[in-house]
Amino acid sequence: MTIPRPLFQAAQKTTLALLVTTVALTILFPLFFLFTFSLMSDYETYSEWPKPLWPHSQVRYRMEKISPQTTRLLIWNHGQSQWQPFGPEHIEANEEVAKKLSRFLTNYGNTTLSPSEILSHVQKAQNSGFHEFTAQKSLSQNYQRFFRLYSGAADAVLHSLSTALLTILISVVIGGMAGYAFARYVFKGKDVLKLSVLFVRMFPPVAIAIPMVVILGRMGLYDRPAGLSLIYSVNQIAMNIWITASIFMGIPESLEEAALIFGANKRGAFFRITLPLAVPGLAACAMYSFISSWNEVINALILTQFRPTFPVVVYKSLLGANAQVHLIAAGSIAQAAPAILFTLIIRRYLLQMWGGVKV
Amino acid sequence: MTTLTLTNLAKRYSRSVWGVRSMSLDVKDKEFVVFLGPSGCGKTTCMRMIAGLETVTRGRIILKGQDITDLPPKDRGVSMVFQNYAIWPHMNVYDNIAFALRLKNVDRKELNQRVKKVAQMVRIEPLLKRFPGQMSGGQQQRVALARALAVEPRLFLMDEPLSNLDAKLRVSMRTELKTIHQESGATSIFVTHDQSEAMSMADRIVIMKDGEIVQTGTPEEVYFQSANTFVAGFIGTPPANFFPVEWKNGKLEHPRFQLSPPPALHQAIENHGKNRLILGVRPESIQVVREEEALFIAPVLVVEPQGSHQIVAVQVEDEVVKLIMPPACGVQPGELLPLTFDSTRLHLFDEESQLRIPGY
Amino acid sequence: MNASKTPGLIRERQERMAPYLLIAPAVIYYAIFWLFPVLNAISGSFLSAPLKQGGEWTLKNYAAVFTDSMFYRALINTAIIVVVSVSLEFVLAFALALLINKKFRGSSLFLFLAIIPMSLPAVAVGAMWNSGLATNGWLNSALVHLGILGEAEKIPFLAGGQGANILLIILVDAWQVIPFMMIILLSGMQGLKPEMAEAGRVFGGTRWQVLHKITIPMLKQTIVTAMILRIIAAIQIWLIIVMIFGFNRLPVLMEQIVVNVDLYTAETFFRKGMALSVLVALIVSLASVAYLKASGALGAKKEEAS
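Residue numbers (the working numbering), protein chains in the order written: chain A, 297 to 655; chain B, 279 to 638; chain C, 208 to 513.
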């Protein structure tokens, strides 16, 4: 009792606050930097050091008069805090050069300036010796470029989506049926089945994917979203049995029994009473299925060829020879966004699920 | 006129586990029958078989002349109030009550009338648009009742409907349920483990133990003519006291007293012909008397005031015997009480079979 | 008498059949899309080519695995990663959960944040750390901005030796897993009735004793489940490693399967990959069973059953 109690409590509170802040920042920083990277222009990516911590929404340019006919363009380098030459050494005031420069500024500076705007800036620099101006940076440009540069990325999103939707359909229906049986009935082999759900997870997905190349090939489903969703469902059905079992266990059986008494048959009781009550939980289950299908790489890598899923495209873009960090960052963010969104929506269920899973 | 007949009804869960062993019962029209027994005695299983929620292993269920043993629940014309109410949380009160009527394609005008009528009966009219999540336990209970009454059932089943309510509400709901029963005239079966609930509500009580009926009778019958020691020891607050006695020389002998039974009882014991008996005495049949009239004297252990009366526990041999005394009579623990029995209200059971000896 | 019983028996039989009908699709599905490929993989790993194409039963595929020095490096690396990362993650997550197990302002926002890393697709995590750990990456940039490093200094995170590389992977994995593990434990702790721990304190237990004798045993179910899924996942780590270091620089088991199956096209490599994947499956199963045994969960299961 050497430390006075209020002081001790204050110290405790501060420590807690510090701890929580540290953890929160550790979680946030990498994500935030990835986001910052996804907004950088080529110039920032390759010529600035250190890299900006905060995404710049504007680019500062400066035109300097070299001679009555020629001007040169400089760009503000945030890393070194100085003007640096940017683009061609001389700019002549003609339409052809302005067009070229406009394209250059779009590609390397992520800024859109029309040739006529450029010419007017050149004119101003000619008039007063130098002229500074800022241009709005396009924030979506890297995202667009990712999809243009890595061919098939847009199609890959469609493949990913259809794979995910099929996975949801298969795994929620089949898993849900089994989950209902687990929740409502006592039957022989229930314990063995419960454990087998875990056992299924132990066999690495690749080990299944390799023979599946042949099996799906025979079924004509190799390199198709439908084939991929069949594999994803293997793991997901096991997961969904757990999830739906806990959902159905949360709905008292007497609600169904009451429906039976008051004029419904078994099917009616399920569809009128249990199913509507399970909808929020099942929606969470569907989102979870979506996330795991949307994020999966290794099976997709092995089981697709010309119709890759989106994560495969991002993965390959990174391993490619001329990896462009800022574009890949854009691709990753685009890939991560739906997963993050759905996870946040269903976070309550995720936790419940973990609490409810028993070995 | 008989509404419900159960013949040799039995439910087996597995090879050796029986829910109900054998049950035969007639329930008369408009009767209010209570299934009473400790938990695990089969009373709820029996009710669920009547409702069709549980399959029947053996025996028949006849309702208004129709064999319903194998019908699905919806075709039986029974309705039920569940222990946890089982109100559907995604429907408002009106839809909960109207559920069954809609499935039966009752036309909208009549449906509306019937919902309003039962809502009035259980006094939840202002709540019709509410959802169950916004209501108290008592209100949910009323909705469950209304829903069960709206279908105008041939048989009305209630599975411990009051056990989830708080003590005060439970007592007031008893009265209300009885009023509703009198108004609606529906033949009712009510399951409970609470004997005071059973006593206060039942026209007839069916006492069950280990999957079998032990005694069927009006509250008075099971109280004053308890069929065995189990019933005598289960019914009553506090239940009957038991004394092991021996029939010797025309007297019931106990280590602490000798009792000469009245002539009718004397004859019954003689006819029964066995010597080892158990004497059952209800607490109110034990009287405090002057010392010279006392059958025996016993020290007071504990006094429990109840307001209208008090329960006094005394020690007789190794047993604690409870008796009822008027309030504020100034009895203190440790005091010696001279006691005797009201000899017209004695219960005698065979020690071996635990059954009441017949004929008095 | 028997004839009149029939409808009841039919109903009873239907009742009994219902659960089997409901689980039948799942069982059939597993037979076709799990058991069949698994058996295929196992038999395929013992074949030189498909039987129809004149393949023969052989142990060559396994021999190829066991004579490959990469396999042993991969095995050791995987073992180190599993043991260190799973225990480190658990200890840190548990410590954090204990410290944070209080209601504080913004606690729901905090939980909201903590769940994000686990939801990220593996490729996004790979890209994030690839761009972060590069010499010109954001981690060095941030250190320069913070004044910890001078402008000319850069830490070559990825140029370290094998040990440093493993450490990096463990840290990256920890970044993703610890917050989630922490919330799982937190939600487990909040599921415990506070009276339990309070009773422990009331009856004279110290903080440590209460933790040791009451909190941990009551969380056991949650802990065992979380740990076993973590072990299974940790053995199968590969994508992040490949995205940060590329193939064959820090070999691990799963990565080697991908190397054999996806990078090379020859039948022999494909078969070797199959053999490897069967071995990995064996390792995962053994590790999980060993963990279940060690934690006593299997014993408890038996007690419950009897």
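All residues carry an ideal CB built from backbone N, CA and C; glycine is no exception.
| message | Check this for me: beta carbons of Trp336 of chain C and Val379 of chain C, under 8 Å apart or not? | response | Counting from one through the third sequence, the residue named residue 336 of chain C turns up at place 129. Counting from one through the third sequence, the residue named residue 379 of chain C turns up at place 172. Result yes, Cβ atoms of Trp336 of chain C and Val379 of chain C sit closer than 8 Å.
| message | I need the straight-line Cα distance from Arg386 of chain B to Ala428 of chain B, nearest angstrom please. | response | On the second sequence, position 108 is the one that residue 386 of chain B refers to. On the second sequence, position 150 is the one that residue 428 of chain B refers to. Answer to the nearest angstrom: the Cα atoms are 14 Å apart.
| query | Are there three or more Cβ pairs, one per stretch, closer than 8 Å when the segment 362 to 369 of chain B is compared with the segment 398 to 405 of chain B? | reply | no
| message | Is there a C-beta anywhere in chain A that falls below 8 Å from the one on Arg560 of chain B? | response | The count along the second sequence starts at 1 and reaches residue 560 of chain B at position 282. Taking Cβ atoms only, chain A never reaches closer than 8 Å to Arg560 of chain B, which makes this a no.
| query | Ends of the beta strand (DSSP E) at Lys600 of chain B? | reply | Position 322 of the second sequence holds residue 600 of chain B. That run of the beta strand (DSSP E) goes 597 to 603.
| field | Residue(s) in a DSSP beta bridge with Lys361 of chain A | value | Along the first sequence, one-based indexing puts residue 361 of chain A at 65. In DSSP, Lys361 of chain A forms a bridge with A:Thr367.
| C-alpha gap between Phe521 of chain B and Ser466 of chain B, whole angstroms | Taking the first residue of the second sequence as position 1, residue 521 of chain B is located at position 243. Taking the first residue of the second sequence as position 1, residue 466 of chain B is located at position 188. Near 37 Å, if we compare the C-alpha coordinates of Ser466 of chain B and Phe521 of chain B.
| Any chain A beta carbon closer than 8 Å to Met208 of chain C | Translated into positions along the third sequence, residue 208 of chain C becomes position 1. A caution first: Met208 of chain C carries a pLDDT of 40, below 50, which makes its placement in the model too unreliable to give a value.
| message | Suppose you measure from the CA of Arg368 of chain A to the CA of Glu344 of chain A; what does that come to, to the nearest Å? | response | One-based indexing of the first sequence puts residue 368 of chain A at position 72. One-based indexing of the first sequence puts residue 344 of chain A at position 48. About 20 Å.
| query | Roughly how many angstroms separate the alpha carbons of His386 of chain A and Ala431 of chain A, rounded to a whole number? | reply | For the purposes of this step, residue 386 of chain A is taken as the residue at position 90 of the first sequence. For the purposes of this step, residue 431 of chain A is taken as the residue at position 135 of the first sequence. Approximately 20 Å, taken between the alpha carbons.
| query | Is Ala364 of chain B helix, strand or coil by DSSP? | reply | By 1-based counting over the second sequence, the position of residue 364 of chain B is 86. Three-state result, Ala364 of chain B: coil.
| Mind checking if Gly335 of chain A is an interface residue toward chain C, Cβ cutoff 8 Å exclusive? | The residue labelled residue 335 of chain A in the question sits at position 39 within the first sequence. Looking at the sequence shown, residue 335 of chain A is not Gly but Leu. Not closer than 8 Å to any Cβ of chain C, the Cβ of Leu335 of chain A fails to qualify, so no.
| message | Please state the DSSP three-state secondary structure of Asp628 of chain B. | response | Along the second sequence, read from residue 1 onward, the residue named residue 628 of chain B stands at position 350. Here Asp628 of chain B sits in strand by DSSP.
| According to DSSP, which residues form a beta bridge with Gln493 of chain B? | The count along the second sequence starts at 1 and reaches residue 493 of chain B at position 215. Answer by DSSP bridge pairing, in chain order: B:Ile485.
| said: Between which residues of its own chain and Pro351 of chain B is the CB-CB distance below 7 Å, once the five residues before and five after are set aside? | reply: Indexing the second sequence from 1 puts residue 351 of chain B at position 73. Answer for Pro351 of chain B: Ala329, Gly330, Leu331, listed in chain order.
| said: To the nearest angstrom, how far is the alpha carbon of Phe638 of chain A from that of Ala579 of chain A? | reply: Within the first sequence, residue 638 of chain A is the residue found at index 342, counting from 1. Within the first sequence, residue 579 of chain A is the residue found at index 283, counting from 1. Distance between the alpha carbons of Phe638 of chain A and Ala579 of chain A is about 10 Å.
| Segments assigned beta strand (DSSP E), at least 3 residues, entirely inside the segment 560 to 594 of chain B | 564 to 566, 574 to 583, 588 to 594
| query | In three-state terms, what does DSSP make of Phe483 of chain A? | reply | Taking the first residue of the first sequence as 1, we reach residue 483 of chain A at position 187. Residue state, collapsed to three classes: coil.
| field | Those runs of the beta strand (DSSP E) which lie wholly inside the segment 403 to 482 of chain A and span at least 3 residues | value | Runs found: 426 to 432.
| Glu511 of chain C to Gly412 of chain C, Cα distance in whole Å? | Counting from one through the third sequence, the residue named residue 511 of chain C turns up at place 304. Counting from one through the third sequence, the residue named residue 412 of chain C turns up at place 205. For Glu511 of chain C, the pLDDT reaches just 38, beneath the cut-off of 50, and the residue's location in the model is therefore unreliable, leaving the point undetermined.
| request: Go through its chain and collect everything with a Cβ distance to Gly411 of chain B's Cβ below 8 Å, but skip five positions before and after it. | output: Here residue 411 of chain B refers to the residue found at position 133 when the second sequence is read from its first residue. Once the five neighbours on either side are set aside, the close Cβ partners of Gly411 of chain B are Pro367.
| task | Tell me whether Ser513 of chain C sits in a helix, a strand or coil according to DSSP, three-state version. | result | Here residue 513 of chain C refers to the residue found at position 306 when the third sequence is read from its first residue. Because the pLDDT at Ser513 of chain C is just 31, under 50, the model does not fix this residue reliably, and the value given afterwards should be weighed accordingly. Coil at Ser513 of chain C, not helix or strand.
| What does Gly251 of chain C reach in chain A if we use C-beta pairs closer than 7 Å? | Counting from one through the third sequence, the residue named residue 251 of chain C turns up at place 44. Ordered by position in chain A, the residues that pass the 7 Å Cβ test against Gly251 of chain C are Pro507.
| request: Compare the C-beta of Lys309 of chain C against all C-beta atoms of chain A and say whether one is closer than 8 Å. | output: Position 102 of the third sequence, counting from 1, holds the residue named residue 309 of chain C. Yes - at least one Cβ of chain A is within 8 Å of the one on Lys309 of chain C.
| Positions along the segment 548 to 582 of chain A whose CB lies within less than 7 Å of some CB in chain B | Pro548, Ser550, Leu551, Glu553, Ala554, Leu556, Ile557, Phe558, Gly559, Ala560, Asn561, Ile569, Pro572, Leu573
| field | Range covered by the alpha helix (DSSP H) that runs through Met388 of chain C | value | Along the third sequence, read from residue 1 onward, the residue named residue 388 of chain C stands at position 181. 369 to 398 is the extent of the alpha helix (DSSP H) around Met388 of chain C.
| Name the DSSP bridge partner or partners of Ile387 of chain A? | Numbered from 1 along the first sequence, position 91 holds the residue referred to as residue 387 of chain A. In the DSSP output, where bridge partners are listed per residue, Ile387 of chain A has A:Thr367.
| query | So who's on the other strand from Asp345 of chain B, going by DSSP bridges? | reply | Looking up residue 345 of chain B in the second sequence gives position 67. Its beta-bridge partners are B:Ile340.
| request: Starting from the beta carbon of Met473 of chain A, find every residue of chain C whose beta carbon is closer than 9 Å, and list them in chain order. | output: As a position in the first sequence, residue 473 of chain A is number 177, starting the count at 1. Within chain C, the residues near Met473 of chain A are Leu228, Leu229, Ile230, Ala231, Pro232, Ala233.
| message | I'd like to know if Ser437 of chain C contacts chain B, where contact means its C-beta is closer than 8 Å to some C-beta of that chain. | response | Locating residue 437 of chain C in the third sequence gives position 230, where the first residue counts as 1. In the sequence as displayed, the identity of residue 437 of chain C is Arg instead of Ser. Chain B, which has no Cβ nearer than 8 Å to the Cβ of Arg437 of chain C, makes this no.
| field | Exposure of Lys500 of chain C, with buried meaning 16 or more beta-carbon neighbours within 10 Å | value | Counting from one through the third sequence, the residue named residue 500 of chain C turns up at place 293. Answer is exposed; the Cβ neighbour count stays below 16.
| query | What are the boundary residues of the alpha helix (DSSP H) that Phe319 of chain C is part of? | reply | Residue numbering aside, residue 319 of chain C sits at position 112 when the third sequence is read from its first letter. Note, Phe319 of chain C: alpha helix (DSSP H), 314 to 321.
| Can a CB atom of chain C be found closer than 8 Å to the CB of Asp353 of chain B? | The sequence position of residue 353 of chain B within the second sequence is 75, counting from 1. For Asp353 of chain B, not one C-beta of chain C is nearer than 8 Å to its own C-beta.
| message | So, at 7 Å on beta carbons, what are the nonlocal neighbours of Arg408 of chain B in its own chain, with the 5 sequence-adjacent residues on each side left out? | response | The count along the second sequence starts at 1 and reaches residue 408 of chain B at position 130. The answer, listed in chain order, is Asn370, Val371.
| said: Tell me the rounded alpha-carbon separation between Ile299 of chain A and Gln308 of chain A. | reply: Counting from one through the first sequence, the residue named residue 299 of chain A turns up at place 3. Counting from one through the first sequence, the residue named residue 308 of chain A turns up at place 12. Ile299 of chain A and Gln308 of chain A: Cα-Cα distance of roughly 12 Å.
| task | Would you kindly work out how many angstroms separate the C-alpha atoms of Leu461 of chain A and Phe586 of chain A, rounded to a whole number? | result | As a working mapping, residue 461 of chain A is identified with position 165 in the first sequence. As a working mapping, residue 586 of chain A is identified with position 290 in the first sequence. Answer to the nearest angstrom: the Cα atoms are 7 Å apart.
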